[in-house]
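What follows is a single structure, written as structure tokens, with notes after it.
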Amino acid sequence: MIEILSYQFFQNALLMTILASVASGIIGTYIVVKRMSMITGSISHTAFGGLGISYFVGANPILGALIFSLMASLGISLIRKNGERFDVMLSFSWATGMAIGLIFMFMTPGYATDLFSYLFGNIILVSTSDLILIAVLDVVVVLTTVLMFNSIMSVTFDEEYAQIRNVPVSMVYTVLISLIALTIVMLIQAVGIVLLIAILTMPAATSRIFCRTIKKMMISATMITLFAMTSGLFLSYLTNLPAGPVIVLITSLFYIIGLTLDKIR
Amino acid sequence: MAAKKSIIELDNVSFSYNGEELIENISLKIYEKDFLGVVGPNGGGKTTLIKLILGLLKPASGEIKVFGKSPKRGRSGIGYLSQFEDIDFSYPITVEQVVMTSTLGSSVFRWFSEKDKAIADNAMKKMKIFDLKDRLLSELSGGEKQRVFISRAIASKPKIIILDEPTANVDIKMKEDLYRILKEINKEIAVVVVDHNLELISKYAKEVACINKCNFHSLGYHEKGKEKIQKMCDLND
């Protein structure tokens, strides 16, 4: 068990879990409080379009995912107020991104194993250059939320009032949704496009049951995510099962326990 | 009578939504230290009127001036209480945080200063909810919540406060309390309150306006009284 810690790939994976937990604990809290899981699902699947194209042309797939997810978050922010069209936009972006990604991957020889790891994650494959990119994204996400904490709170709590107080509501929302996009990109490598929604919702939703304020929710969600990801990593090593689904199931278990404790107290 | 200074002016304002005329040719002036009660049937355009004044909606025709400027530029001088249904009460936020959001302005990277804290403290003390400041909004009663939102409105240091159906979700005792609070506030600033409660409106408001789509009347100080309002507005209470 201990010898695994001496391998570079495992150290990278551990470092990755720490970085990803902080961003997803913070952003997951907003996703849960503002009920934005559909937005999250849509952006993450759109990211696959960029990922596929980069994969096809031989560029860094994470960069392609980053561009596509930011484009999706911009589109979503722009028509956020237009109820019916907004809902359709989420599905449009979701499916179109997936379709583009699949076609480009299909056109690249030897895509099968990589396809699987982008969809369901392969945290063991995190390279040092990926880690650097992820660390940069982490700093951006954390710093922006810290600096904009009050304006994000004001806008997400009561948008109309914020508007009257002349807080730039659309700008704050666009930033928040872009931060969701950045966090998604960080998580693709760890748990994959299909499963990352669990990391962004389950720990925060579990924390919501026990925490009174946004800040406490963020800290608690970060801790749960960190625990789920590291224990999932070790568990997958011991059982030889893929890490992504194991991590996700641990977060689901946390949520079920949370709900049960909430019922009986 | 000395000439009073008007702070909000509507000149022949119309507004329609999805082809339906919600407000037609309304002209209205609100003066400093007015206490205006706005009554009218549901769907008569009361909330629309407020949203036009706040610059949340744009009139199809006519002109609105808030402190002599466009609503968007002048609205920072308005303290506002929306209807309860527009608020997400499950949001994990403390009383103090709610009140402090009023001190934020157009700068997105702003942290709360000691001065902001003092302004919020002051507003909460005025509304007698200072001891609730660390409580969660979701834990409060209807009346307490209403005091939180009035605190938030006064923390913006407004020259006028506009309230949209503030008595809709509070008990009978609190309804009267609320109007007493408004009367206190009215010593310094103007108050506009939209309400169904004709009893309280006729007791506390200095003037009453009735709005029902294209119909708009206003009654002065001496004419008000529940029956008069009812008759004027065609309301069956």
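Those sequence lines, one after another, are chains W and B. Numbering of the first sequence is given in the numbering used here, commencing with residue 1 and proceeding in unit increments. Numbering of the second sequence is given in the numbering used here, commencing with residue 1001 and proceeding in unit increments. For each residue, glycine too, the CB sits at the ideal point set by N, CA and C.
- Proximity of chain W to G1105 of chain B at the Cβ level (cut-off 9 Å) is accounted for by R165, N166, V167, in chain order.
- Cβ contact annotation for F120 of chain W (same chain, cutoff 7 Å, sequence separation greater than five): G192, V194, L195, P242, G244, P245, in chain order.
- Residue range 243 to 264 is occupied by the alpha helix (DSSP H) that includes F254 of chain W.
- Sixteen is the threshold: since fewer than 16 other Cβ atoms of the shown chains lie within 10 Å of the Cβ of M107 of chain W, the residue is exposed.
- For A1190 of chain B, the uninterrupted beta strand (DSSP E) run begins and ends at 1190 to 1194, by DSSP.
- DSSP places A1209 of chain B in the uninterrupted beta strand (DSSP E) bounded by 1207 to 1212.
- No residue range can be given for L195 of chain W, since it is assigned to no alpha helix (DSSP H) and is classified by DSSP as neither H nor E.
- Contact annotation: Y1080 of chain B and A1190 of chain B have beta-carbon atoms that are not nearer than 8 Å.
- For T213 of chain W, the nearest CB of chain B lies under 8 Å from its own CB, placing it at the interface with that chain.
- Not a single CB atom of chain W sits nearer than 8 Å to the CB of Y1017 of chain B.
- With respect to chain W, the C-beta atom of P1158 of chain B has no partner C-beta closer than 8 Å.
- Taken in chain order, the members of the region 1104 to 1127 of chain B whose beta-carbon sits within less than 7 Å of a beta-carbon on chain W are L1104, G1105, S1106, V1108, F1109, R1110, W1111, F1112.
- For a Cβ distance threshold of 7 Å, nothing in chain B lies close to E84 of chain W: the least Cβ distance comes to about 13 Å.
- Taken in chain order, the complete alpha helix (DSSP H) segments of 4 or more residues contained in the region 1023 to 1087 of chain B are 1046 to 1053, 1071 to 1074.
- Beyond the five residues adjoining it in sequence on each side, K1004 of chain B comes within less than 7 Å, by CB distance, of Y1031, E1032 in the same chain, given in chain order.
- Beta-bridge pairing by DSSP links V1099 of chain B to no other residue.
- Residue-level contact check: R1075 of chain B touches chain W, since one or more beta carbons of chain W fall below 8 Å from its beta carbon.
- Of the candidates B:S1090, B:L1136, B:V1039, B:V1039 places its Cα closest to the Cα of D1164 of chain B.
- I1160 of chain B has B:I1078, B:A1190 as its beta-bridge partners, per DSSP.
- When the five nearest sequence neighbours on each side are left out, the beta carbons in the same chain lying within less than 6 Å of the beta carbon of P61 of chain W are those of L51, S54, Y55, in order along the chain.
- Between the region 6 to 25 of chain W and the region 120 to 137 of chain W, the count of C-beta pairs closer than 8 Å reaches three or more; the two stretches touch.
- Flagged as an interface residue toward chain W: S1082 of chain B, by a C-beta distance shorter than 8 Å.
- F1015 of chain B carries a strand assignment under DSSP once its states are collapsed to helix, strand and coil.
- For R1147 of chain B, the enclosing alpha helix (DSSP H) starts and ends at 1142 to 1155.
- Scanning chain B for C-beta atoms nearer than 7 Å to the C-beta of S151 of chain W yields L1104, V1108, R1110, reported in chain order.
- For T1094 of chain B, the beta-bridge partners assigned by DSSP are B:L1136.
- Listed by position along chain W, the residues whose Cβ is nearer than 9 Å to that of T1047 of chain B form an empty set, because the closest Cβ is around 11 Å away.
- What S154 of chain W touches in chain B, judged by beta-carbon distance under 8 Å, is T1101, L1104, going in chain order.
- In this structure, DSSP gives L1010 of chain B an extended state, which the three-state scheme calls strand.
- Listed as beta-bridge partners of E3 of chain W by DSSP are no residues whatsoever.
- Apart from the 5 residues on each side of it in sequence, M218 of chain W sits with its Cβ closer than 6 Å to the Cβ of G25, I26, T29 in its chain, given in chain order.
- For E1165 of chain B, the three-state secondary structure derived from DSSP is coil.
- Taking 8 Å as the cut-off, the beta carbon of L1054 of chain B is found no closer than this to the beta carbon of V1095 of chain B.
- A distance below 7 Å between beta-carbons, with the five flanking residues on each side excluded, links G101 of chain W to the following residues of its chain, in chain order: F48, G49, L51, G52.
- Under the 8 Å criterion on CB atoms, F210 of chain W is classed as non-interfacial with respect to chain B.
- Taking the C-beta atoms as reference points, V1192 of chain B is found no nearer than 8 Å to A1155 of chain B.
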